[in-house]
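Read the structure below first, then the notes.
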Amino acid sequence: MLRATIRIVLAGCLLLVGRPALAQRQQVLFNAGWKFHRGEVAGGERPATPDQSWRALDLPHDWSIEGPYSEQWASATAFLPGGVGWYRKSFARPAGFAGKKVFIYFDGVYKNSEVWLNGHRLGKRPSGFASFQYELTPYLHATGPNVLAVKVSHLEVADSRWYTGSGIYRNVYLLATAPVHVQPWGVAFTTPNVSARAATGRVAVAFTNASTQAATVTVTSTLLDSLGHAVATARRAVPTPAGAKGTATLTLPVGQPALWSADHPHLYRLRTTLAVGGQPVDEVSEQVGIRSVRFDANQGFFLNGNSLKLKGVCLHDDAGALGVAVPPEVWETRLRRLKAMGCNSVRMSHNPHADYFYRLCDRLGLLVMDEAFDEWERGKNKWVQGWNVGTPSQQGSHEYFAEWGERDLRDMVLRNRNRPSIILWSIGNEIDYPNDPYTHEVLSTGRNPQIYGKGYLPDHPPAAEMGPLARRLAAVVRQADPTRPVTAALAGVVMSNYTDFPAALDVVGYNYQEFRYPDDHRTYPQRIIYGSENGMGRAAWAAVDSNAYVSAQYLWTGVDYLGEAGRWPQRANGAGLLDLAGRPKPEYYYRQSLWISAPMLYLAVAEAPAAGAAPARRPRGAATWNWPAASQVRVTAYTTNEATELLLNGQSLGRQTGPLPTWDVPYAAGGGQVDFAHQLAVAIALGRQLAGGVGHVPGGQRAG
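In our numbering, the protein residues as written are 610 to 1313.
Structure below.
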């Protein structure tokens, strides 16, 4: 029943939603009825090769999460195996597909996928994060079975710094179009002029006339509001020779637009139809939004002309025990919880995510930094025995970057460019991490955090290599979408400032380098600076909140994730605000107290620090109230209140003001209670009374 429900939900999240009653495009979710074999299969692409013993399953599927966990694998990828897997599906050509062009679309396969139909090789895609499609038409049998075979090769288990999974872990679609049809990702919607009173939508349509006759193709685009009412329509006739490609640009004026924003994520539907001889032959439809985005070197970020601080989190795309084959409902629950915490932006770390993920962000009002790469032509360290332990692996996506990098980047932008939630295209994460791999003489001078004392390493590639490549990648992005800024997350700004890397970007992300904001803002007054990856401490947020020119921070990380682990048997990284099951940790409520203005209170408890101990960089609460008898526990209120009073068994322990009121309390197992109340002055200041409560303890024990 759950799978049936998931299929229904996914059917509503199609890349391009067709209406076969009006046009010739048909799209079918192709996830059901596959067979799978884990391991090498000689001739697995040939239809005659028997597969009766293969396992029957439905997609999406991640075989790595099935285990077993073992120390023989790599800490970077959660001590889980890779290997080789084969998928096959036997199917008859749908009756309605006769005379049409037929394609197979994969949203993501990790990795090194090769695809065959009826023994004919269709192609390969090394990237495990790219979406791609192949045409089936020349090899598709009109009668009898067709056999689609996919080989997935993930032999290098330490090929990523985090868990990636293995297999066809995202959706697959079967698509049929008329010979005259819109190209893949062939509709681009932009909003060059936006105000509360009027907006202009611009639609660029790329199509193909694959028929044997010239045709005048009439392209029509209609924008519909949330009730399905047409608010703007435009059309253009384009004479197109046989076998040629055509384009059309249309303008849609919209009066009194419902703007897309974080608080009010209004969506429209853009419907684009191709007609020949007055008859519709193709139609695509997708949700779009009307909004404007702007970054300013002195004033930060603006959405629809309004200043907005981006309160962001970084997210990998696994979900704990589910691996990377994650139902949309799981991520919707997680994103809603993060939004309730005050989060208004997410960073897709460090690869394009599943198609449905962006649609959730569109619908929930979460602004997105989409990210393409964690490495370019040079590899990074992937730890095998634990983070920073032993000898790392150097395998990874850099091995095919020279051939595929620009195409993967372009496809990411084309695939996602109509998402109103996306505000930034990131061409890389920590490409400039000092000595991993690039180096520079400046690393041996002065105080340079994150260098770990290594200094300049002349046997490493020079940092100067990054600038020209960054310019090339930025040009790829701007050609595919000139409307959004190009960024990257820099880990070694002190080094990159001696290269052309920052100058290649429109907006420059700083990872964990808040201390550089003031000096770099003075030294590079035209540079737009923001925090692309940040720690959880209050000072990191203060650097954003107190400086108009700093538009954002992106916390590492929103949710715990598999991989990037310590020594065996650790399997995951616990840096998140939500745990692997998506449940809030105490740090979640601390962040909520910083990021929302509504009344809230959470009582956190931790072991009281020893006398004279240095203060912690950030408060950490434990997920338990059970402590050794006679110990001292520190109770901290994460709250938006101006004043908080703590009561122990009815006796006040004091009223405190400020952002983090704390009390050290003697702990004893028993029936005592820690109660918290709020003074009348607080109720007046907040305009309402925030309910107090009791700090309950697991196992029936309480503090005091």
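Ideal Cβ placement from N, Cα and C applies to all residues, glycine included.
| field | N-terminal and C-terminal residue of the alpha helix (DSSP H) that residue 1082 is part of | value | For the purposes of this step, residue 1082 is taken as the residue at position 473 of the sequence shown. Going by DSSP, residue 1082 is part of the alpha helix (DSSP H) stretching over 1075-1089.
| said: For residue 1229 and residue 1265, what's the separation of their Cα atoms in angstroms? | reply: As a working note, residue 1229 is residue 620 in the sequence shown. As a working note, residue 1265 is residue 656 in the sequence shown. The alpha-carbon atoms of residue 1229 and residue 1265 are separated by roughly 19 Å.
| message | Extract the residue ranges of the beta strand (DSSP E) inside the segment 950-989, only unbroken runs of 3 or more that lie entirely within it. | response | Segments of the beta strand (DSSP E) lying fully in the segment 950-989: 954-957 and 976-980.
| query | Taking the C-alpha atoms as reference points, what is the distance between residue 1000 and residue 986? | reply | On the sequence shown, position 391 is the one that residue 1000 refers to. On the sequence shown, position 377 is the one that residue 986 refers to. Approximately 21 Å, taken between the alpha carbons.
| For residue 979, the nearest candidate out of 1027, 1210 and 894 (CA to CA) | Position 370 of the sequence shown, counting from 1, holds the residue named residue 979. In terms of Cα proximity to residue 979, the closest of 1027, 1210 and 894 is 1027.
| query | What is the rounded straight-line gap between the Cα of residue 996 and the Cα of residue 957? | reply | Residue 996 sits at position 387 when you count from the first residue of the sequence shown. Residue 957 sits at position 348 when you count from the first residue of the sequence shown. Take the alpha-carbon of residue 996 and the one of residue 957: they are about 22 Å apart.
| message | Using DSSP's beta-bridge definition, name the partner residues of residue 862. | response | Taking the first residue of the sequence shown as 1, we reach residue 862 at position 253. The partner list for residue 862 (beta bridge, DSSP) reads 809.
| request: Flag this pair as touching only if the segment 780-787 and the segment 632-646 have three or more C-beta atom pairs under 8 Å; answer yes or no. | output: Counting Cβ pairs under 8 Å, three or more are found: they touch.
| query | Are the beta-carbon atoms belonging to residue 843 and residue 859 less than 7 Å from one another? | reply | Position 234 of the sequence shown, counted from the first residue, corresponds to residue 843. Position 250 of the sequence shown, counted from the first residue, corresponds to residue 859. Cβ atoms of residue 843 and residue 859: closer than 7 Å.
| message | Is it buried or exposed, residue 1287, if we count other Cβ atoms within 10 angstroms and call 16 or more buried? | response | To locate residue 1287, count along the sequence shown from 1; it is residue 678. At residue 1287 the pLDDT is 40, less than 50, meaning the model places this residue with poor confidence and gives no usable figure here.
| Quick one: is residue 697 buried, meaning 16 or more other Cβ sit within 10 Å of its Cβ, or exposed? | As a position in the sequence shown, residue 697 is number 88, starting the count at 1. By the C-beta density criterion, residue 697 is buried, having at least 16 other C-beta atoms within 10 angstroms.
| message | My parser needs the beta strand (DSSP E) runs of 3 or more residues fully inside the segment 1146-1203; what are they? | response | Taking only runs of at least 3 residues, the beta strand (DSSP E) segments lying wholly in the segment 1146-1203 are 1161-1164.
| message | Quick check on the DSSP output: the beta strand (DSSP E) that includes residue 1010 runs from which residue to which? | response | Within the sequence shown, the letter at position 401 stands for residue 1010. Per DSSP, residue 1010 lies in no beta strand (DSSP E); the unbroken alpha helix (DSSP H) holding it starts and ends at 1010-1025.
| query | DSSP three-state call for residue 911: helix, strand or coil? | reply | Within the sequence shown, residue 911 is the residue found at index 302, counting from 1. In this structure, residue 911 counts as strand in the three-state DSSP scheme.
| query | According to DSSP, which residues form a beta bridge with residue 1261? | reply | Against the sequence shown, residue 1261 aligns to sequence position 652. Per the DSSP secondary-structure output, residue 1261 pairs in a beta bridge with 1256.
| Cβ separation of residue 881 and residue 820, assumed to be a contact under 8 Å, to the nearest whole Å | In the sequence shown, counting from the first residue as 1, residue 881 sits at position 272. In the sequence shown, counting from the first residue as 1, residue 820 sits at position 211. 19 Å between Cβ atoms; not a contact.
| request: Leaving out five residues on either side along the sequence, give the residues of the same chain with a beta carbon under 8 Å from the beta carbon of residue 1176. | output: Numbered from its first residue, the sequence shown carries residue 1176 at position 567. Only residues of its own chain outside the window of five on either side were considered, and among them 684, 994, 995 and 998 have a CB closer than 8 Å to the CB of residue 1176, listed in chain order.
| said: Can you check which of these residues, 1111, 935, 739 and 1152, is closest to residue 1134 by C-alpha distance? | reply: Against the sequence shown, residue 1134 aligns to sequence position 525. The alpha carbon of residue 1134 has as its nearest neighbour, out of 1111, 935, 739 and 1152, the alpha carbon of 1111.
| request: Output the boundary residues of the beta strand (DSSP E) element that contains residue 838. | output: Looking up residue 838 in the sequence shown gives position 229. It is not in any beta strand (DSSP E) - residue 838 carries neither H nor E in the DSSP assignment.
| task | Report yes if the C-beta distance between residue 977 and residue 952 is below 7 Å; otherwise report no. | result | Residue numbering aside, residue 977 sits at position 368 when the sequence shown is read from its first letter. Residue numbering aside, residue 952 sits at position 343 when the sequence shown is read from its first letter. Not a contact, by the Cβ cut-off of 7 Å.
| query | Relative to the C-alpha of residue 794, which residue among 1120, 814, 1276 and 1187 is closest? | reply | Numbered from 1 along the sequence shown, position 185 holds the residue referred to as residue 794. Of the candidates 1120, 814, 1276 and 1187, 814 places its Cα closest to the Cα of residue 794.
| For residue 1290, which of helix, strand or coil comes out of DSSP? | Counted from its first residue, the sequence shown places residue 1290 at position 681. Confidence at residue 1290 is low in this model, with a pLDDT of 28, below 50, so its placement is unreliable and no value can be given for it.
| Under a Cβ-count criterion, where at least 16 other Cβ atoms within 10 Å of its own Cβ denotes burial, should residue 742 be classed as buried or exposed? | Start at 1 with the first residue of the sequence shown, and residue 742 comes out as number 133. That one is buried.
| request: Might you give, ordered along the chain, the residues of its own chain that have their beta carbon closer than 8 Å to the beta carbon of residue 899, omitting 5 neighbours on each side? | output: Along the sequence shown, read from residue 1 onward, the residue named residue 899 stands at position 290. If we look at residue 899 and ignore the five residues flanking it on each side, its Cβ neighbours are 800, 803, 808, 810, 863, 866, 867, 868, 869, 875, 877 and 1029.
| Hey, is the segment 658-670 in contact with the segment 639-646, meaning 3+ C-beta pairs nearer than 8 Å? | The segment 658-670, when compared against the segment 639-646, does touch it at the 8 Å Cβ threshold.
| said: Any contact between the segment 918-938 and the segment 960-971? By contact I mean 3 or more CB pairs, one from each, below 8 Å. | reply: Yes, the segment 918-938 touches the segment 960-971.
| What runs of the beta strand (DSSP E), each 3 residues or longer, lie entirely inside the segment 630-659? | Annotation note: the segment 630-659 contains the following uninterrupted beta strand (DSSP E) runs of length 3 or greater, listed N- to C-terminal: 635-638 and 643-647.
| said: I'd like the list of long-range same chain contacts for residue 1129, defined as Cβ closer than 6 Å, with 5 residues on each side in sequence excluded. | reply: In the sequence shown, residue 1129 corresponds to position 520, counting from 1. Cβ within range, chain order: n/a, list empty.
| Taking contact to mean at least 3 C-beta pairs separated by less than 8 Å, is the segment 1043-1055 in contact with the segment 1080-1098? | The answer is no - the segment 1080-1098 does not touch the segment 1043-1055, with fewer than three Cβ pairs under 8 Å.
| message | Quick check: the Cα distance between residue 1146 and residue 1185, rounded to an integer number of angstroms? | response | Looking up residue 1146 in the sequence shown gives position 537. Looking up residue 1185 in the sequence shown gives position 576. The C-alpha of residue 1185 is placed about 13 Å away from the C-alpha of residue 1146.
| Three-state secondary structure (DSSP) at residue 944? | To locate residue 944, count along the sequence shown from 1; it is residue 335. Helix at residue 944.
| query | Quick check: the segment 744-758 against the segment 673-681, are there 3 or more CB pairs under 8 Å? | reply | Contact between the segment 744-758 and the segment 673-681 is absent: fewer than 3 CB-CB pairs across the two stretches fall below 8 Å.
| field | Simplified DSSP state of residue 716, which is helix, strand or coil | value | Within the sequence shown, residue 716 is the residue found at index 107, counting from 1. In the structure shown, the three-state DSSP call for residue 716 is coil.
| Which two residues bound the contiguous alpha helix (DSSP H) that contains residue 1126? | Numbered from 1 along the sequence shown, position 517 holds the residue referred to as residue 1126. Unbroken alpha helix (DSSP H) run through residue 1126: 1126-1132.
| Which term fits residue 763, buried or exposed, when burial requires 16 or more other beta carbons within 10 angstroms of its beta carbon? | Here residue 763 is taken as the residue at index 154 of the sequence shown, counted from 1. Residue 763 should be labelled buried.
| said: Looking at residue 974: is its Cβ nearer than 7 Å to the Cβ of residue 805? | reply: Numbered from its first residue, the sequence shown carries residue 974 at position 365. Numbered from its first residue, the sequence shown carries residue 805 at position 196. Contact: no.
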